[in-house]
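Chemist:
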Amino acid sequence: MNEYNASEPIDFNTSELKLKGFKVYQIGTDCSVIPTYNRRDFYKISIITGESIIHYADRGIETNGTTLFFGNPHIPYSWELLSESYNGFACVFTEEFLRVNDRSESLHECPLFKISGTPIFYLSAEQKTFITSLFQKMIVEQDTDYVFKDDLMRNYINLIIHESMKMQPSENFFRHKNASSRITSLFLDLLERQFPIETKDQPLKLKTPQDYAQNLAVHVNHLNRSVKEISGKSTTAHISERIIGEAKALLQHTDWSVADIGFSLGFEYPSYFNNYFKRLTGTIPKSLRM
1 MNEYNASEPI DFNTSELKLK GFKVYQIGTD CSVIPTYNRR DFYKISIITG
51 ESIIHYADRG IETNGTTLFF GNPHIPYSWE LLSESYNGFA CVFTEEFLRV
101 NDRSESLHEC PLFKISGTPI FYLSAEQKTF ITSLFQKMIV EQDTDYVFKD
151 DLMRNYINLI IHESMKMQPS ENFFRHKNAS SRITSLFLDL LERQFPIETK
201 DQPLKLKTPQ DYAQNLAVHV NHLNRSVKEI SGKSTTAHIS ERIIGEAKAL
251 LQHTDWSVAD IGFSLGFEYP SYFNNYFKRL TGTIPKSLRM
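FYI, full-length UniProt numbering numbers position 246 of the sequence shown as 246, with every residue one higher than the one before it.
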């Protein structure tokens, strides 16, 4: 069993991806590794043929055939590949890349990327052939020096989006078996939606289990029990790991001061952030910039 998980490390340069705004790559048992990303700045469209289970927010779907998936960076998901043989393509891109002006519709409003939407489609043989051909064209074009390459890539991505909107989304979702599983998924979804941090002027709003419990309209003790039962880790541990992960990304990929990074993550004073970071990582924030 292979787990294709959006939280695993990326095998290509995230800074380059952020700069260009898109990346297209092939997936398959003949590839050395499946590229994924850990800083969730990017939307994803992928097509995979094989048997799998896709876990998305508090839902899951079993697939066997060719599946087209639309990943929202604000919603946790993972792709559990069950078959020994699988193949396909994926494209990751930023909203800024796809939106050429402020009048363009936000991807948050697109039915394929809405938090309440259904992002998984089964493809017929004809649909598979057509969608695959678009990915193959993007693979060829992304390394060319064509002056209008970005416009061409946007056209291919938009064509995939509009062709998919003509399809009926899969209705074979299964719900989690109990309340603990559901509340844990909703907590992880809400946690992921707090990131990435886009500005140093608006500090992180939800920082404690109590904050999350209040937003989810449950008692904090119920939230803590559920998360521990399902994930094996405490609510506090999940929050801390996500904050530290974001802190490392900001330290490595921005020129913000350590004080600004700490403030953006909800620490009123730099000393609080330094002590928190050192307690959880064994080193000080500045060490990541040496």
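For every residue, glycine included, the Cβ atom is placed at its ideal position computed from N, Cα and C.
Below 8 Å, how does it come out for the segment 243-263 and the segment 212-223: are there three or more Cβ pairs, yes or no?
Modeler: The answer is no - the segment 212-223 does not touch the segment 243-263, with fewer than three Cβ pairs under 8 Å.
Chemist: Starting from the Cα of His253, find the closest Cα among Pro196, Pro270 and Gln26 and give me that residue.
Modeler: Closest by alpha carbon: Pro196.
Chemist: Where do the N-terminal and C-terminal ends of the alpha helix (DSSP H) with Ala179 fall, by residue?
Modeler: From DSSP, the alpha helix (DSSP H) with Ala179 extends over Ala179 to Glu192.
Chemist: Classify Phe69 as buried or exposed, calling it buried when 16 or more other Cβ atoms lie within 10 Å of its own Cβ.
Modeler: Its Cβ being crowded by 16 or more others within 10 Å, Phe69 is buried.
Chemist: According to DSSP, simplified to helix, strand and coil, what is Val218?
Modeler: Three-state DSSP puts Val218 in coil, outside helix and strand.
Chemist: Do the segment 119-134 and the segment 43-63 meet, that is, are 3 or more Cβ pairs less than 8 Å apart?
Modeler: Taking 8 Å as the limit for Cβ pairs, the verdict is that the segment 43-63 does touch the segment 119-134.
Chemist: Anyone know if the C-beta pair for Phe93 and Ile27 falls short of 8 Å?
Modeler: Taking 8 Å as the Cβ cut-off, Phe93 and Ile27 do not qualify as a contacting pair.
Chemist: Answer yes or no: do Phe187 and Thr235 have a C-beta to C-beta separation smaller than 8 Å?
Modeler: In this structure, Thr235 lies closer than 8 Å to Phe187 by Cβ.
Chemist: Which one or two residues does DSSP pair with Lys44 in a beta bridge?
Modeler: Answer is Gly71 and Val92.
Chemist: Can you name the residues that DSSP bridges to Thr63?
Modeler: DSSP, once it has assigned bridges, lists Ser52 as partnering Thr63.
Chemist: Determine the closest residue to Leu81 out of Ile53, Gln214 and Gly71, with distance taken between C-alpha atoms.
Modeler: The residue with the shortest Cα to Cα distance from Leu81 is Ile53.
Chemist: Can you name the start and end residues of the beta strand (DSSP E) that Tyr122 belongs to?
Modeler: It spans Ile120 to Tyr122 - the beta strand (DSSP E) in which Tyr122 sits, taken as one unbroken run.
Chemist: For Glu198, which of Asp255, Asn178, Ile183 and Phe113 has the nearest alpha-carbon?
Modeler: Of the listed residues, the one whose Cα sits closest to Glu198 is Asp255.
Chemist: Given a threshold of 16 other Cβ atoms within 10 Å of its Cβ, counted over all protein chains shown, does Lys286 qualify as buried or as exposed?
Modeler: Exposed is the call here.
Chemist: Any idea if Met153 is buried or exposed, counting beta-carbon neighbours within 10 angstroms, 16 or more meaning buried?
Modeler: That one is buried.
Chemist: Scan the segment 214-266 and note each continuous beta strand (DSSP E) run of 3 residues or more that stays entirely inside, going in chain order.
Modeler: Those beta strand (DSSP E) runs which fall completely within the segment 214-266 and span 3+ residues do not exist here.
Chemist: Should Asn215 and Leu206 be called a contact, given that it needs their Cβ atoms to be closer than 8 Å?
Modeler: Yes.
Chemist: Phe135 by DSSP, collapsed to three states: which one?
Modeler: It is helical.
Chemist: Does DSSP classify Val147 as helix, strand or coil?
Modeler: If DSSP states are grouped into helix, strand and coil, Val147 belongs with coil.
Chemist: I think Ile161 touches Leu112, with their Cβ atoms under 8 Å apart; what is that distance to the nearest whole Å?
Modeler: Their Cβ separation, rounded to whole angstroms, is 6 Å, which keeps Ile161 and Leu112 in contact under 8 Å.
Chemist: Please state the DSSP three-state secondary structure of Tyr37.
Modeler: Because Tyr37 sits at a pLDDT of 41, beneath the cut-off of 50, its placement in the model cannot be relied upon, and the following sentence gives the value as read from the coordinates. Coil, per DSSP.
Chemist: Whole angstroms is fine: what's the gap from Asn87's alpha carbon to Thr66's?
Modeler: Between Asn87 and Thr66, the C-alpha separation is close to 9 Å.
Chemist: Return the bridge partner residues of Phe22 from the DSSP annotation.
Modeler: Looking at the DSSP assignment, Phe22 forms a beta bridge with Phe93.
Chemist: List the whole-angstrom C-beta distance separating Arg242 from Leu190, where the pair is believed to meet the contact cut-off of C-beta under 8 Å.
Modeler: Wrong, their Cβ atoms sit about 11 Å apart, outside the cutoff.
Chemist: What is the C-beta distance between Tyr56 and Tyr25, in whole angstroms, given that I count them as a contact (C-beta under 8 Å)?
Modeler: Not a contact, Cβ separation roughly 21 Å.
Chemist: Measuring CA to CA, which of His238, Asp201, Ser180 and Phe277 is closest to Ala247?
Modeler: Taking only the C-alpha atoms, the option nearest Ala247 is Phe277.
Chemist: Whose C-alpha, out of Cys91, Asn64, Phe148 and Leu265, is nearest the C-alpha of Lys240?
Modeler: The residue asked about is misnamed: residue 240 is Ser in this sequence, not Lys. Taking only the C-alpha atoms, the option nearest Ser240 is Leu265.
Chemist: Shortest alpha-carbon distance to Asn72 belongs to which of Gln202, Glu95 and Arg182?
Modeler: Minimum Cα distance to Asn72 is reached at Glu95.
Chemist: DSSP on Ile197, reduced to helix/strand/coil?
Modeler: If DSSP states are grouped into helix, strand and coil, Ile197 belongs with coil.
Chemist: Does Ile157 come out as helix, strand or coil in the three-state DSSP assignment?
Modeler: Three-state result, Ile157: helix.
Chemist: Rounded to whole angstroms, how far is the Cβ of Val147 from the Cβ of Ile183, which I believe are closer than 8 Å?
Modeler: That belief does not hold up - the Cβ atoms of Val147 and Ile183 are roughly 51 Å apart, past 8 Å.
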